[in-house]
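**Q** Next up is a structure, given as C-alpha cells.
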C-alpha cells in the first residue's frame, strides 16, 4: 500500500477514534445504557460459546463493556450504609473488591440466560442535572415483561451506574439488609469473609461450566 | 348484670378488630434474633416457613417445572400461560376499577374480550401484540391503594413471601379467580396444577440467579419483596402505570430539557406502536 494511502488511513482512524472519545464524554445516560445494553445483548446472542454457558467469555464481555461505566465504590458505600465510616481504609478497599466480584458474577450469570429477550425503553427520570433513572424493560417470550431500571450519577469522567432496579426492587437497597445483618453478626471482617467465601464458590461454578 | 353484658358485648365486638390491629402492628410473640427488622417481627417463624417452602420447592415444584419445560413444546407452554393469564386479567381489571384507575380497568376488559374471542379462549395473547399491555393486580394491592398499610412481612406456607394485609386479602382473590368456579373438579385440579407449574417454570432461571446473588437468601428475598410491594402500590396510587408507560422516547436527543418537556407534556395517545426496541 503506498504511503499516501497509509497516511490517509491513519488520519481517518485517529479522527474516528477522536470522535468516538468525544461522543462518549457527551453521551446522555439513556443513550449510554442503550448502547452498552445493545452491544452486550447482541454479543451474548450471537456468540455460541456464551449461549452454551462459557462463563469465562461472559466475564470478559462484562469486564470490557459494562465495568467502565459502573461506580463500585459508590455501590459498596451505599450498601454498607452507616458501617462504611466505621471501616478502616483497608477494609473499605477489600469490601469494594469483593462486592465488585460478586456483582460481576451475578450479572454474568444473568447474561448467560439471555436467549431471545429484547429491550424496550421509557423516558428517563432526571433528579436535577447529575442524577437520573434510566428505565427499561426486558421482554421475553415467556412470562411478563421485567422492569429493569438504572440509577446513574454524573461524575467527572462521565455517567456511572450506581444501582439497578429489577422488578421494583433496587439491588443495592436489597443488599443493605444483608450487609447490616452480617456486620451485626460478625463485624465488617465477618462480612468480608462471607463475601470472599461466596465469590470462591461462584468462581468454581464458573470453572466447572467452562470445562464441561 | 346488664352492665356486665354490655361490657362483654363491647369486648367481643372489638376483639377481632384488636386482633387485626395487633397482627398489623406486629405485636405477636417476638422471636429472638440478632437484629430484628421493624418490618419483620415474625422473623423466626418466617424463616422456618421459608426453609420449609424452599425444601418443598427444591424437591417438588422445581423438578416438576423442569420436566414441564423439557417435555412440553414451547407453544403449549405459552398457551397454558396465556390461558390462565387471560383468566387473571378479569380480576386484574376488577381491581383496577376498585383502585380508581378506569383507563387500566377498561384496557383489562378489552384484553379479556379480545383474547377470549379472537385469541381462542385466551390461548393466544393477541392483545399484548396489539399493544395493550398486560397488568398484574390483586385485592391486596387494592387495599394498599385504599390506604391500608402492609403490615409485617409474612411467609405463607407453600405460597411464599407476602405481607399480612395481602394474606388477609387472599380469600377475596380466590373469590375473584374465575378458575376456582370451574367444574368438573378433576379438570379443575389438573388445570390448577398446570397453572402453578407454568408459573414456577417462568422463574426457574431467575431462581439460580437469586441463589448466586444472595448472601442470605431469606433476607435477600424479604428485602427485595418488600421493596417490590411498596413500588407497586406507589405506582398504582399515582395512577402512573398507564400514563408514564405511554410516554416513550421518540426523539434521539434526550438531555434533561427534552426529557422534562416530555414528562410535562400530556400523552396524546397511548403508544400502540412498538417503542424503540433493541433486539
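Protein chains in written order, with the working numbering: chain Y, 1 to 212; chain F, 213 to 491. In this text, a Cβ means the ideal position worked out from N, Cα and C, and glycines have one as well. Quick caveat, the model's predicted, so the values are computed rather than measured.
Can you name the residues of chain Y whose CB is closer than 7 angstroms to the CB of residue 443(F)?
**A** In chain order: 168.
**Q** Kindly list, in the order they appear in chain F, the residues whose Cβ is closer than 8 angstroms to that of residue 202(Y).
**A** Within 8 angstroms Cβ-Cβ: 424.
**Q** With burial defined as no fewer than 16 other Cβ atoms inside 10 Å of the residue's Cβ, what is the status of residue 234(F): buried or exposed?
**A** Interpretation of residue 234(F) is limited by its pLDDT of 47, a score under 50 that renders its predicted location unreliable; no figure is taken from the coordinates.
**Q** For residue 346(F), go through chain Y and note every residue whose CB falls closer than 7 angstroms to its CB, in chain order.
**A** 144, listed in chain order.
**Q** So, is residue 364(F) buried or exposed, given that buried needs 16 or more other C-beta atoms within 10 angstroms?
**A** By the neighbour-count rule (16 or more Cβ atoms within 10 Å), residue 364(F) is buried.
**Q** Scan the segment 171–197 of chain Y for residues whose Cβ lies nearer than 9 angstroms to a Cβ of chain F and list them as they occur along the chain.
**A** Correct list: 171, 173, 174, 175, 176, 177, 178, 179, 180, 181, 182, 184, 185, 191, 194, 195.
**Q** What three-state label does DSSP hand residue 83(Y) in the structure shown?
**A** Here residue 83(Y) sits in helix by DSSP.
**Q** Check the Cβ of residue 110(Y) against every Cβ in chain F and list those closer than 8 angstroms, keeping chain order.
**A** Ordered by position in chain F, the residues that pass the 8 angstroms Cβ test against residue 110(Y) are 421.
**Q** Counting contacts by CB-CB distance shorter than 7 angstroms, is residue 106(Y) in contact with chain F?
**A** Closer than 7 angstroms: yes.
**Q** Ignoring anything shorter than 4 residues, give me the alpha helix (DSSP H) runs that lie fully in the segment 267–304 of chain F, in order along the chain.
**A** Whole alpha helix (DSSP H) segments, 4+ residues: 274–283.
**Q** Give me the chain A residues within the contact set of residue 371(F), using Cβ-Cβ distance strictly less than 7 angstroms, ordered along the chain.
**A** Going by chain labels, chain A is absent from the structure shown, which instead holds the protein chains Y and F.
**Q** At a Cβ threshold of 7 angstroms, is residue 247(Y) touching chain F?
**A** Since the first residue shown for chain Y is 1 and the last is 212, residue 247(Y) is missing from the structure and cannot be characterised.
**Q** List the endpoints of the continuous beta strand (DSSP E) containing residue 28(Y).
**A** Element bounds for residue 28(Y): n/a, residue is neither H nor E.
**Q** Is there contact between the segment 128–147 of chain Y and the segment 100–109 of chain Y, where contact requires at least three CB pairs shorter than 8 angstroms?
**A** With a cut-off of 8 angstroms, the segment 100–109 of chain Y and the segment 128–147 of chain Y do not count as touching, because too few Cβ pairs lie within range.
**Q** Closer than 6 angstroms by C-beta to residue 91(Y): which residues in its own chain qualify, once you throw out the five before and the five after it? Chain order, please.
**A** For residue 91(Y), where only same-chain residues beyond five positions count, the Cβ hits under 6 angstroms are 188.
**Q** Counting only the same chain and skipping the five closest in sequence on each side, list residues whose C-beta sits under 8 angstroms from that of residue 279(Y).
**A** In the structure as shown, chain Y starts at 1 and stops at 212, and residue 279(Y) therefore has no counterpart that could be examined.
**Q** Grouping DSSP H, G and I as helix and E and B as strand, with all else coil, what is residue 135(Y)?
**A** Strand, per DSSP.
**Q** To the nearest angstrom, how far is it from the Cα of residue 195(Y) to the Cα of residue 138(Y)?
**A** Spanning the two alpha carbons is a distance of roughly 29 angstroms.
**Q** Rank 63(Y), 78(Y), 147(Y) by C-alpha distance to the C-alpha of residue 121(Y) and give the top, closest one.
**A** Comparing Cα positions, the closest option is 147(Y).
**Q** What residue does the beta strand (DSSP E) around residue 118(Y) start on, and which one ends it?
**A** 118–121 is the span of the beta strand (DSSP E), which, as asked, contains residue 118(Y).
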